[in-house]
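*Asks:* Note that this note's numbering gives residue 436 to position 140 of the sequence shown, counting from 1, and the numbers run on in steps of one.
Yeah, the Cβ is synthetic: ideal placement off N, Cα and C, and Gly gets one too.
Since this is a predicted model, take the numbers as computed values, not measurements.
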Amino acid sequence: MKALTVIPLKAGSAELSDVDEPPETDGPVLVETLAIGICGTDAEILSGAYGWPPPGRERLVLGHESIGRVLEAPDGAPVQKGDLVVGIVRRPDPVPCENCAVLEWDFCRNGQYTERGIKQHDGYLSERYRITPDFVVKVNPALGILGVLLEPTSVVAKAWEEVDRVGGRAHWDPKTVLVTGAGPIGLLAALIGVQRGLEVHVLDQMSTGVKPDLVRDLGATYHSGAVADAVPGPDVVIECTGVASLVLDAMTHVGIGGVVCLTGVSSGGHTLTVDEGALNRSMVLENVAVVGSVNANRRHYEAAAVALAAADPAWLARLVNRRVPLAQWQEAVQRGPDDVKVIITVNPE
Ligand code: BGC
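Structure below.
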């Protein structure tokens with residue numbers, strides 16, 4: 297079967313390869329891949345900056361944002377033939393650490409977790425893949441191929457859970473949230489904010505085009521200037537860019553007792569001049585909390601499924617603005633200025 301493979305840490309090594317059928321050792325559930333979303337992590341892997349091959353192998357099958365249809369499942373399994381499903385990305389470490397032992401692999405403590413399509417375990421960007429029933433999540437059939445948004449939504453569902461838990465250290469009744477970045481992660485974070493009844497502000501660079509329209513149609517407010525001018529003292533900031541200056545601005549401008557949740561991964565190598573004393577002083581005197589958030593466990597996939605089921609399908613459909621067939625995968629990895637979520641279709645229905 298065909299699969300998009302890459303030699304991790306080697307730029308320009310991606311190719312459409314002929315690979316063996318998925319190994320039985322990956323699990324008894326056989327899934328036909330419908331589509332795979334491409335994100336910043338895939339771009340990093342393709343550029344040779346991130347990723348790990350499976351042990352003893354040179355190439356890794358790419359793809360961690362998936363939507364597929366079950367072809368085979370054991371009798372009595374929670375998913376059955378014909379179900380629309382998404383594969384969970386991370387697998388607990390083999391030790392396991394205290395968190396992986398209780399299925400909170402998103403908080404793995406020893407770094408020995410694996411991630412499909414990213415770290416030491418083949419991804420889902422192949423015609424078919426196998427998986428164990430406990431790592432597959434059923435998606436509302438009404439979502440169809442838009443179920444490909446479940447994995448990025450799980451990442452923001454976890455971020456919101458972190459915000460709640462940290463905010464809940466005192467009386468917590470947030471009213472305003474600033475989301476920095478109007479890419480898929482930012483827009484999905486904003487969607488959950490709106491669903492929670494918050495006043496949602498989203499900041500990005502573009503002043504016209506798809507992103508401002510998507511934000512407005514969600515019932516949120518779009519800003520293209522500075523963090524300081526967007527909204528005074530938001531209760532929550534969800535940072536979805538990893539741009540160092542925005543991270544710092546978020547920490548400086550969040551409201552008293554506010555929570556900043558960092559979800560964007562910075563590339564490093566950017567040195568900013570900061571008045572550390574003033575930053576420390578305001579963070580301490582205002583009880584500001586900054587928390588990082590990565591990945592998602594099953595609970596977050598389930599929360600994400602609820603959020604997507606409650607969203608306007610027409611709005612979600614506009615998020616997936618480009619669909620590229622697997623044979624033309626190169627077009628999917630070239631980003632256009634108005635791209636939000638580009639997906640590669642593998643077995644379109
Ligand atoms: C994925 C996460 C993963 C992270 C780091 C993200 O793109 O959505 O599941 O944990 O990359 O590898």
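Give the DSSP bridge partners of Ser-589, in chain order.
*Replies:* Bridge partners of Ser-589: none, in fact.
*Asks:* Out of Gly-463, Asp-531, Tyr-420, Pro-633, point me to the one whose CA is closest to Asp-322's CA.
*Replies:* The candidate whose alpha carbon is nearest that of Asp-322 is Tyr-420.
*Asks:* Can you tell which of Arg-412, Glu-354, Arg-387, Gln-408 has its C-alpha closest to the C-alpha of Thr-337?
*Replies:* Ranking Arg-412, Glu-354, Arg-387, Gln-408 by Cα distance to Thr-337 puts Arg-412 first.
*Asks:* To the nearest angstrom, how far is it from the Cα of Val-366 to the Cα of Leu-380?
*Replies:* Their Cα atoms are separated by approximately 7 Å.
*Asks:* Return the first residue and the last residue of the alpha helix (DSSP H) that Ser-578 is part of.
*Replies:* That run of the alpha helix (DSSP H) goes 572-581.
*Asks:* Is the region 478-489 touching the region 442-455, taking contact as three or more C-beta pairs under 8 Å?
*Replies:* Because the criterion of three Cβ pairs below 8 Å is met, the region 478-489 and the region 442-455 touch.
*Asks:* For Met-502, count neighbouring Cβ atoms within 10 angstroms of its own Cβ and tell me buried if that reaches 16, exposed if not.
*Replies:* The residue in question, Met-502, is exposed, as its Cβ has fewer than 16 Cβ neighbours within 10 Å.
*Asks:* Please name the residue or residues paired with Cys-557 in a DSSP beta bridge.
*Replies:* DSSP output for Cys-557 lists Ile-534, Val-587 as bridge partner(s).
*Asks:* Given a cut-off of 8 Å, decide if Val-375 and Ser-362 are closer than it, judged by their beta-carbon atoms.
*Replies:* Their beta carbons are not under 8 Å apart, which means Ser-362 does not touch Val-375 by this criterion.
*Asks:* Expressed to the nearest angstrom, what Euclidean distance is found between the alpha-carbon atoms of Gly-479 and Asn-643?
*Replies:* Whole-angstrom Cα-Cα distance: 26 Å.
*Asks:* Hey, is Thr-537 close to the ligand BGC, as in C-beta under 7 Å from one of its heavy atoms?
*Replies:* No - the ligand BGC has no heavy atom lying nearer than 7 Å to the Cβ of Thr-537.
*Asks:* Check whether the region 430-440 touches the region 577-592, counting contact only when three or more Cβ pairs, one atom from each stretch, lie closer than 8 Å.
*Replies:* They do not touch, by the three-pair rule.
*Asks:* For Glu-394 and His-417, what's the separation of their Cα atoms in angstroms?
*Replies:* C-alpha separation (whole angstroms): 22 Å.
*Asks:* Would you decide whether Ser-422 is buried or exposed? Buried here means 16 or more other CB atoms lie within 10 Å of its CB.
*Replies:* Ser-422 comes out buried.
*Asks:* Please check the pair Leu-604 and Leu-445, which I expect to be a contact at CB under 8 Å, by giving their CB distance rounded to whole angstroms.
*Replies:* Rounded, the Cβ-Cβ distance is 6 Å, consistent with contact.
*Asks:* Flag Glu-354 as yes when its Cβ comes closer than 7 Å to any non-hydrogen atom of the ligand FMN, and as no otherwise.
*Replies:* For the structure depicted, the ligand FMN is absent and the ligand set comprises only the ligand BGC.
*Asks:* Taking Glu-394 as part of the alpha helix (DSSP H), name the residues at either end of that continuous run.
*Replies:* Looking at the DSSP string, the run of the alpha helix (DSSP H) that includes Glu-394 is 394-397.
*Asks:* Apply the 10 Å Cβ neighbour rule to Leu-399 and answer buried if 16 or more other Cβ atoms are within range, or exposed otherwise.
*Replies:* Label assigned to Leu-399: exposed.
*Asks:* Any contact between the region 313-327 and the region 615-631? By contact I mean 3 or more CB pairs, one from each, below 8 Å.
*Replies:* No, the region 313-327 does not touch the region 615-631.
*Asks:* Helix, strand or coil for Gly-378? Go by DSSP, reduced to three states.
*Replies:* It is coil, neither helix nor strand.
*Asks:* What residue from Gly-505, Pro-470, Arg-594, Asp-634 has the CA that sits closest to Val-533's CA?
*Replies:* Val-533 has its Cα closest to that of Pro-470, out of Gly-505, Pro-470, Arg-594, Asp-634.
*Asks:* Terminal residues of the continuous alpha helix (DSSP H) containing Arg-614?
*Replies:* Taken as a continuous stretch (DSSP letters only), the alpha helix (DSSP H) holding Arg-614 covers 609-615.
*Asks:* Assuming the contact rule is C-beta atoms closer than 8 Å, Pro-433 and Ala-601 should be a hit. Round their C-beta distance to whole Å, please.
*Replies:* Sequence inspection shows Val at residue 433; the Pro mentioned does not correspond to that position. Contact flag correct, Cβ pair sits at about 7 Å.
*Asks:* Which partner residues does Asp-314 have in the DSSP bridge list?
*Replies:* The partner list for Asp-314 (beta bridge, DSSP) reads Lys-298.
*Asks:* Tell me which same chain residues have a C-beta within less than 7 Å of the C-beta of Gly-553, skipping the five on either side of it?
*Replies:* Hits under 7 Å: Ala-466, Glu-582, Asn-583.
*Asks:* Per DSSP, Lys-434 forms a beta bridge with which residues?
*Replies:* Val-381.
*Asks:* Express the C-alpha separation of Thr-472 and Ala-369 in angstroms, rounding to a whole number.
*Replies:* Between Ala-369 and Thr-472, the C-alpha separation is close to 45 Å.
*Asks:* In terms of DSSP beta bridges, what is Gln-416 paired with?
*Replies:* BP columns for Gln-416 point to Glu-411.
*Asks:* Which of helix, strand or coil does DSSP assign to Gly-440?
*Replies:* Of the three classes helix, strand and coil, the one that applies to Gly-440 here is helix, per DSSP.
*Asks:* With DSSP run on the structure shown, which of helix, strand or coil describes Trp-468?
*Replies:* The answer is coil: DSSP assigns Trp-468 none of H, G, I, E or B.
*Asks:* Bridge partners of His-497, per DSSP?
*Replies:* DSSP lists Leu-474, Thr-517 as partners of His-497.
*Asks:* May I ask whether a heavy atom of the ligand BGC can be found less than 7 Å away from the beta carbon of Thr-410?
*Replies:* No.
*Asks:* Going by the CB atoms, is the gap between His-519 and Ala-540 shorter than 8 Å?
*Replies:* No; because the gap between Cβ atoms is not below 8 Å, this pair is not in contact.
*Asks:* Nearest to Ile-488 by CA position, among Leu-499, Val-475, Asp-500, is which residue?
*Replies:* Nearest option by C-alpha distance: Val-475.
*Asks:* Could you tell me the distance, in whole angstroms, from the CA atom of Ala-397 to the CA atom of Pro-388?
*Replies:* Between Ala-397 and Pro-388, the C-alpha separation is close to 8 Å.
*Asks:* Taking 7 Å as the cut-off, is the C-beta of Ile-414 nearer than that to any heavy atom in the ligand BGC?
*Replies:* For the ligand BGC, at least one heavy atom lies less than 7 Å from the Cβ of Ile-414.
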